[in-house]
Each structure stands twice: as structure tokens, then as C-alpha cells.
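Let me begin by presenting the structure, written as C-alpha cells, before commenting on it.
Number of protein chains: 2
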Amino acid sequence: MVETEKKSSRIQMRNRARILEAALDVFSAHGYRGSTLDAIADASGLSKPNILYYFSGKEEIHVTLLSQLMETWLDPLVEMDENGDPIEEILRYVMRKLEMSRDLPRESRLFANEILQGAPRMTPHLEADLKPLVDEKCAVIRTWMEMGKLAPIDPKHLLYSIWSTTQHYADFEAQVQVLSDDDPLEDARIFLDTLYRRLLAPNAD
Amino acid sequence: MVETEKKSSRIQMRNRARILEAALDVFSAHGYRGSTLDAIADASGLSKPNILYYFSGKEEIHVTLLSQLMETWLDPLVEMDENGDPIEEILRYVMRKLEMSRDLPRESRLFANEILQGAPRMTPHLEADLKPLVDEKCAVIRTWMEMGKLAPIDPKHLLYSIWSTTQHYADFEAQVQVLSDDDPLEDARIFLDTLYRRLLAPNAD
DNA sequence: TTATTTTTTGACCATCTGGTCAATACGATT
DNA sequence: AATCGTATTGACCAGATGGTCAAAAAATAA
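Residue numbers (this note's numbering), protein chains in the order written: chain A, 75 to 279; chain B, 75 to 279.
Here it is, written out as C-alpha cells:
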């Protein structure tokens, strides 16, 4: 046997996917503690014991979701290209994050919920995956600044500001909804484009 | 009787304050559903039935906290002065919000938790208090722009960006902690000062 | 078909949790 | 000290919730 992993049957693949999809709905809307296996069972169309047949428990479902999310979440930053035009690379990153806020709001809220609670199940992932990536990209940004292609600012806090401003539209949607009349995401695009072009323009120094 | 409200005894004042202080600790750390009356009882040093003697239930404690928070939370925006220097007024607002992230992280997280869950207990407050204030201040900011004192940008999204960038340091502290070496709040001050000066400088247009 | 493995479920359980209540302790007033 | 309103609590309850299990039903292999 070359493969140590058992190959999952089609039924297993389908049902695990169903469960994770339902769980994403439920966890992102109510948080970990606010979510029940019964709610996930209802949303997935499977019985509770059947869910426990595919996952060892509530926590394993949650952890699986968070692990899967990590890759999707980091991908836009991974794709930031050292050899591209600095300002356009960063703006592309901003826009991809903003699109994720629009297209994957459940994922954004799942993540936000976890961090808000002190990242009890994700600190290892952050240390192992996020931290090295951030360090690497901050070094790239610093290089760009030394080349005079970007105004000198703290790269880490630049990233923080990108994360917070873009994810705000998903995580605080309930608030944005109260305050905004029409589709806020389009205005956000324009606003953030202006914001980061002005911040990063090297000549403005 | 001129006063319809019963005057509370000293013991009542003290114990209600104790309970709310403990509840702020618990709710901000675990969210509404993740918090138990037992945990609040332990943290406050009172027995669970005694807590129910002062508050009608878990929800009333939570609602009381949110109501009290609203005033504190909006105060910096209320204080933004139409007659002050536009850029300095906005920067003062940013810095006050950043200080609140440092000094009142529990309040920030309590608020964030509530909004993340769809603001089930706070949408009325947002409609009644936040929305009119935001509309008013957006009008002020627009006036400033028409006077040529600020670069023209969407005032509402300017506020969103201020809220998200400053509260990020409290709400996502678990993440910031993993990525930052020394005290990140001081670097944040410098970064946000640069960010908003560049964004708002009218000559840069 | 028959045998075997995988999938599904109804019934059940232990624990947690918000909340109640009658009884008791406390504190001020007379 | 006796009285009366306030404050406190131990014991308890009903419902929710994560999880178990033996048995039945489906799917698969022989």
C-alpha cells in the first residue's frame, strides 16, 4: 500500500461536504458556543448521530472548517508578487480582500468569531502559517520602500489596516446595513482605492 | 412623590455595579451564548440566585451593558467639533478611538461580538442613536470638503475605516499578539497618523 | 442470492444551564 | 428587644445539548 490514507467513498465525500457547508452557515452566524449539533443536523439534512458518524464531535467540525479556511484566507497575500509593480500589487491585494468580504462573508465571520474569542483553536495555525507569511511579505514591502517605490510606512500595520478595512464590510455587516443606503461595497472599492493610493504614493513624502 | 423611580440603596448600587463589571469580563471574553450565569456569579462573588435578584435574567444584564456602552462608544464622535480644524478634528477622533481600543478592549469586544452575531439586541440602538449621529457628522465632513479643507472622499466610508482600523487592535488582539513583537499600539498611532493625514490632505488632490 | 461492510437512525443518557422558590439572614427603625 | 422590609442562599427543576449505542437499513462484494 502506497497510500496510508483510506480512500473515502463517494457518500463520505458528499456527506462530509454537506456537513461542513451547513456548519459554516451555523458557526458563522452564531459562533462556536452558540451553535448546536442539532442546528447543523437540520441545516445539513442529516440526523445528529449520522453527523457524529462522520465527525468525532462538534469541535472536530469546527477545527476542520478553520483549517480549510486558512488556505483560502491567506491565498491573496501569498499571491502578492515581489516582481510586480508595488502599488498595483498592494491594491490588487486590497481588492481581492474586499471581494472576499463580499463573496465569502461567512468565512470572514467564522474567522472573526474565532479571533475575538482569543483564537482558542487557531493560535497554532496563526503561528505556523500566518506569521511566516506575514514576515516574508513585510520584508518584500520593506524592499519596495527601500527602492523608493512606496512611501515608508510600517508594513505590518499596513497589513492590519487592509485586513480590518476590508473585512469590516463582512464582519460588521449588521452595522453597515443600518448606516448605508445602497450597495456599500462599490463605494468601498472607490474609497479604499483612494485611501491606499494616497498612503503609498512615494512622491508624497 | 416627585420621583417615580425608586431610589436604590447603597447595597443595590454596589452589587449591580459588581455584576455588570463581572458580566463585562465574561461576555466580552466568551460572547453572549458562551457566557453562563454561573461564570458571572463566580466573577462577581455573588450567588446565582442573588444575581437574579438584581437582574431579571441573563439577557437583561447583557442589554444593560450594551446600553451603557453606547454612550461611551459614541462620545468621541459626538465631540468632533464642526468649528475646529478639520484634519486635526478627525485625527483627534482617530486617536481617541485608538485609545479606547487600548483602555477599553472589553467594551470593544462586547460590541464586536454583538454586531458579529447580527446585532440581535442592538439594532434599535443603532437606528436610534448611531444613525442620526453618523448622518450629522457626515454632513459636517462634507461641509469641510466643500470648503476645500479636506480632500473629497466618501465620509461614511471614512468613518468605517476609522472604526475598523482602530478597533482592530482590541477585537483582533489575539492575532495582533501573534504577529507583533513589542507594543503595537504605539506603532499604530504613528501609522494611523500618517494614513489619515495623507488621505485627508486637500492639496494632494 | 447471499454475505459483508458501510451508513443511518431512534432511543437514551449525563451534564449543563437559565431560572424558581421557600426559607433564612441581615439591617434599619421603633 | 421586637418589627419589618431588604438581601441572600440551598435545593431544586425543566429544557437544551453533546454524545452513545445497539439495531436496522442500504450499499457493495461474493
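Yeah, the Cβ is synthetic: ideal placement off N, Cα and C, and Gly gets one too. Model, not experiment: these values are computed from the prediction.
State the Cα-Cα distance for the pair residue i and residue j, rounded to the nearest angstrom.
i: B/Ile93; j: B/Thr217; result: 44 Å
i: A/Met219; j: A/Met154; result: 15 Å
i: B/Lys122; j: B/Ser235; result: 41 Å
i: B/Asp116; j: B/Tyr167; result: 37 Å
i: B/Gln142; j: A/His242; result: 24 Å
i: A/Thr138; j: A/Ser82; result: 16 Å
i: A/Pro150; j: A/Leu269; result: 19 Å
i: B/Glu247; j: A/Ala193; result: 9 Å
i: B/Lys132; j: B/Arg195; result: 13 Å
i: B/Thr146; j: B/Leu207; result: 14 Å
i: A/Arg107; j: A/Glu156; result: 41 Å
i: B/Asp279; j: B/Ala225; result: For B/Asp279, the pLDDT reaches just 43, beneath the cut-off of 50, and the residue's location in the model is therefore unreliable, although a value from the coordinates is still provided. For B/Asp279 and B/Ala225, the distance between alpha carbons rounds to 6 Å.
i: B/Leu233; j: B/Leu204; result: 12 Å
i: A/Met221; j: A/Asp256; result: 41 Å
i: B/Asp267; j: A/Gln86; result: 53 Å
i: A/Ala213; j: A/His231; result: 13 Å
i: B/Glu188; j: B/Arg271; result: 32 Å
i: A/Pro258; j: B/Gln249; result: 27 Å
i: A/Ile215; j: B/Gln251; result: 21 Å
i: A/Val152; j: A/Ile125; result: 34 Å
i: A/Glu134; j: A/Leu111; result: 12 Å
i: A/Glu114; j: A/Glu95; result: A small correction: the amino acid at residue 114 of chain A is Ile; Glu does not occupy that position in the sequence shown. Their backbone Cα atoms lie some 9 Å apart in a straight line.
i: B/Ile227; j: A/Arg84; result: 53 Å
i: B/Lys211; j: B/Leu148; result: 12 Å
i: B/Ser238; j: B/Lys223; result: 24 Å
i: A/Leu165; j: B/Leu165; result: 24 Å
i: A/His136; j: B/Ser118; result: 31 Å
Based on Cα-Cα distance, which residue from the options lies nearest to residue i?
i: B/Leu172; options: B/Ile264, B/Leu224, B/Gln86; result: B/Ile264
i: A/Gln191; options: B/Ser109, B/Asp228, B/Asp203; result: B/Ser109
i: A/Leu200; options: B/Leu253, B/Ile215, B/Arg176; result: B/Leu253
i: A/Ala91; options: A/Phe129, A/Ile227, A/Tyr167; result: A/Phe129
i: A/Pro229; options: A/Asp209, A/Phe246, A/Tyr243; result: A/Asp209
i: A/Leu120; options: A/Leu140, A/Glu134, A/Ala97, A/His136; result: A/Ala97
i: B/Leu304; options: B/Asn157, B/Pro198, B/Ser175, B/Arg176; result: Because chain B here runs from 75 to 279, residue 304 of chain B falls outside it and cannot be looked at.
i: B/Ala202; options: B/Met144, B/Leu224, B/Ile189; result: B/Met144
i: A/Asp245; options: A/Phe185, A/Asn124, A/Lys223; result: A/Phe185
i: B/Asn89; options: B/Pro258, B/Val152, B/Tyr127; result: B/Tyr127
i: B/Met174; options: B/Lys211, B/Thr240, B/Ala262; result: B/Thr240
i: B/Ala337; options: B/Met169, B/Ile114, B/Arg84; result: Lying outside 75 to 279, the shown extent of chain B, residue 337 of chain B is not represented and no answer is given.
i: B/Glu260; options: B/Arg84, B/Ser238, B/Arg176; result: B/Arg176
Could you give the first and the last residue of the continuous alpha helix (DSSP H) run that contains residue i?
i: B/Pro258; result: 258-274
i: B/Asp209; result: 205-220
i: A/Ala115; result: 111-118
i: B/Lys223; result: Premise fails: B/Lys223 is in no alpha helix (DSSP H) and is neither H nor E.
i: B/Pro160; result: 160-177
i: A/Leu359; result: Because chain A spans 75 through 279 in this model, residue 359 of chain A falls outside it and cannot be assessed.
i: A/Arg92; result: 84-108
i: A/Pro194; result: From DSSP, A/Pro194 is part of no alpha helix (DSSP H); its letter is neither H nor E.
i: B/Leu126; result: 122-128
i: A/Glu247; result: 247-253
**Item:** Three-pair Cβ contact test at 8 Å for the segment 269-279 of chain A versus the segment 155-172 of chain A
**Value:** Touching, yes.
**Item:** Sufficient close CB pairs (3 or more, under 8 Å) joining the segment 97-115 of chain B to the segment 170-186 of chain B
**Value:** yes
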